[in-house]
Every structure is written in structure tokens, then in C-alpha cells.
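> Here the working numbering is used: the first residue of the sequence shown is 3, the next is one more, and so on. Quick one: structure below, then a few questions.
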Amino acid sequence: MKDRVLAGLVGGIIAGIAMNIVDYISYYIGFDRERLYNWAAIAIFGKLPNTIGEVISAQISQLFFSGLLGIIFSYYLLKLTSSNYLLKGWIYGLTSWFFIYSVAIAFRLPSLETHSLNSVVNHAFSATIYGLVLGETLHRINKNVKS
Numbered sequence: 003m004k005d006r007v008l009a010g011l012v013g014g015i016i017a018g019i020a021m022n023i024v025d026y027i028s029y030y031i032g033f034d035r036e037r038l039y040n041w042a043a044i045a046i047f048g049k050l051p052n053t054i055g056e057v058i059s060a061q062i063s064q065l066f067f068s069g070l071l072g073i074i075f076s077y078y079l080l081k082l083t084s085s086n087y088l089l090k091g092w093i094y095g096l097t098s099w100f101f102i103y104s105v106a107i108a109f110r111l112p113s114l115e116t117h118s119l120n121s122v123v124n125h126a127f128s129a130t131i132y133g134l135v136l137g138e139t140l141h142r143i144n145k146n147v148k149s
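Structure follows, in C-alpha cells:
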């Protein structure tokens, strides 16, 4: 892939899918009740999703946002060496998670201003998966990307 924006978008969406798999597993085993697409639903609807249409829209929006974060990381990698890409991805994933949590709390977004310990652990782990998969995916894609 020769386009950095497209590479970042694809890498971010792939990493977002991996992150959501972890989130869905956590939800279905009863570890956490707060799903990642709830964040997107609150951002676009101002409330938690109530219909299947709202859930689908929120999930697509959440994956698109993951893609946007992937684009930012793709350009961030231009400024750094390609070594330790997994460490850089992991740090980026956790930093993004921390920043997004902080914004939600600072702006008192409905249903997102407080979190259970299980939600925090699940989302930190999901962000770790996101960062590692993003780093690995972009490393593989960037072998062919020049700028």
C-alpha cells in the first residue's frame, strides 16, 4: 500500500476489530457491561444505543474512529525509527485510551463519567490489543509505503 492515510486507516480498523473482539468476549462472559461502541453512541446520539440500528451505527463509527487513530499513528511513525514498533503501538494504544477516558470524565459525558474497575481493566487491555495489532499491522504495511 503506497498511501500512508489509507495504510493508517486500514491498520486502525484492523486493530479496532481486534480490540472489539476482546470487548465482546469480555461482555459475553460477564466481566464488563460497558461496550466500546457505547462511547461512539454517546458521541453521535448523546445516549446509549437502544435499537439495533443505533448499535450498528455506533459500532461502525467506533471502527471509523479507530481508523482515524490509525492514521495519526501512521504519521507518528514517520518521525520515529521503525524499531520497537510493538512497544510504540502499545504506548500509543494506552495513551489514546487514557486521553479518551480523561476527556469523557472532564466533559462529564452521560454514562461515561464513571467506570467500574472491570471496565477500566477491560478497556486498558483492549487498548493494549489495539496498540499491538496497530503496530504490527502498520509495520507489515509500511514495508511498501514510502511517504
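Backbone N, C-alpha and C define an ideal beta-carbon position, used for all residues, glycine too. Bear in mind that the values here come from a model prediction, so they are computed numbers and not experimental data.
Between the Cα of L80 and those of A17, I15, N120 and G137, spot the shortest distance and give me the residue it belongs to.
In the sequence shown, residue 80 corresponds to position 78, counting from 1. It is G137.
> Exposed or buried, what is N86 when buried is set at 16 or more other beta-carbons lying within 10 Å of its beta-carbon?
In the sequence shown, the residue the question calls residue 86 occupies position 84. By the Cβ neighbour-count rule, N86 is exposed, with fewer than 16 other Cβ atoms within 10 Å of its own.
> Which term fits Y30, buried or exposed, when burial requires 16 or more other beta carbons within 10 angstroms of its beta carbon?
Taking the first residue of the sequence shown as position 1, residue 30 is located at position 28. Flag for Y30 reads exposed.
> Are the CB atoms of W41 and L114 within a distance shorter than 8 Å?
Taking the first residue of the sequence shown as 1, we reach residue 114 at position 112. Taking the first residue of the sequence shown as 1, we reach residue 41 at position 39. Yes, the pair counts as a contact, with Cβ atoms nearer than the cut-off.
> Out of curiosity, what's the CA-to-CA distance linking S104 and V123?
The count along the sequence shown starts at 1 and reaches residue 104 at position 102. The count along the sequence shown starts at 1 and reaches residue 123 at position 121. Cα to Cα, the separation comes out at about 15 Å.
> So, G10 versus F75, is the Cβ gap smaller than 8 Å?
The count along the sequence shown starts at 1 and reaches residue 10 at position 8. The count along the sequence shown starts at 1 and reaches residue 75 at position 73. Cβ atoms of G10 and F75: closer than 8 Å.
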